[in-house]
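These notes are about the structure you will find just below.
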Amino acid sequence: MSSPPPLLSRYRQLAPAASVRVSPLCLGTMTFGTALKEWYGECSKETAFEILDYFVSQGGNFIDTANAYQHEQSEMWLGEWLSSRNNRDQMVIATKYTTGYQSHMKDRIQANYGGNGTKSMHLSVEASLHKLQTTYIDLLYVHWWDYTISIPELMHSLNNLVVSSKVLYLSVSDTPAWVVAKANQYARDHGLRQFAVYQGMWNAGMRDFEREILPVPCQER
1 MSSPPPLLSR
11 YRQLAPAASV
21 RVSPLCLGTM
31 TFGTALKEWY
41 GECSKETAFE
51 ILDYFVSQGG
61 NFIDTANAYQ
71 HEQSEMWLGE
81 WLSSRNNRDQ
91 MVIATKYTTG
101 YQSHMKDRIQ
111 ANYGGNGTKS
121 MHLSVEASLH
131 KLQTTYIDLL
141 YVHWWDYTIS
151 IPELMHSLNN
161 LVVSSKVLYL
171 SVSDTPAWVV
181 AKANQYARDH
191 GLRQFAVYQG
201 MWNAGMRDFE
211 REILPVPCQE
221 R
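Quick note on numbering: the sequence shown equals residues 1 to 221 in the UniProt record's numbering.
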């Protein structure tokens, strides 16, 4: 009698507007690195690779990172792992832009390495593609709302990434519900790709997400 398949191999569609199939758990890699060990502790490259290997052995295929995690070590190590395991096509990789990912490079003018703007987006995505050693990002998050970019600029710039095949799906994190609703309506009205996924904070002590955010994706279905 054969053993049952791993629980993480019970793949499901990510979202109504994102047909890619993912494992029921997404592996976060914010702590993969040693650059910020004073805040997050230390996770060596060897340990990170062991965690990634085990995740995949259990059927996991959905991995989350960001441009600035651990002063870029998270993306770089994930890219090295993808290359060494030759499994990029099997994985669904989510990354984020907005946080100033070059803040540790003190000799550089930081003005456009962070924020929601088009130049920040362009620089960050190109850097992420290089670090991840890939030609495309499955899921790109607007990491947080900076209150400076216009919704038309944001949605047209994001749509250009989809049209160029550098990004497959658009997503948003830690952004007011009214912004997401307005942005998706603008995208619908102008034939642009919409946000398909929202990532936000929820725990037993902070339940604002249930009241402020959850109604939006329910209406967007």
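For glycine and all other residues, C-beta sits at the position ideal for the given N, C-alpha and C.
Asked                                                                                                         : Found
Same chain, Cβ closer than 6 Å to E52, five either side skipped, listed in chain order                        : Correcting the residue identity first, residue 52 is Leu in this sequence and not Glu. These residues qualify, in order along the chain: W81.
Closest by C-alpha distance to P5, when choosing among V56, C26, A18                                          : V56
Closest by C-alpha distance to H104, when choosing among E72, H122, L132, E126                                : E72
Enclosing beta strand (DSSP E) for L170 [first to last residue]                                               : 167-173
Cβ pair N67, S23 closer than 7 Å                                                                              : no
Own chain partners of M121 with C-beta closer than 6 Å, once the 5 adjacent residues on each side are dropped : Y97, S157
Strand pairing of A15, partner residues [DSSP]                                                                : A18
C26 - DSSP class collapsed to helix/strand/coil                                                               : coil
Residue range of the alpha helix (DSSP H) that includes residue 227                                           : Nothing about residue 227 can be read from this structure; the chain reaches only from 1 to 221.
Residue from T148, R211, G191, G41 whose Cα sits closest to the Cα of A177                                    : R211
Range of the contiguous beta strand (DSSP E) that encloses Q199                                               : 195-199
Distance, S2 Cα to G205 Cα                                                                                    : 43 Å
Closest residue to Y54 among S9, L36, V20, T65 (Cα-Cα distance)                                               : S9
Cross-strand partners of L140 (DSSP beta bridge)                                                              : T95, L170
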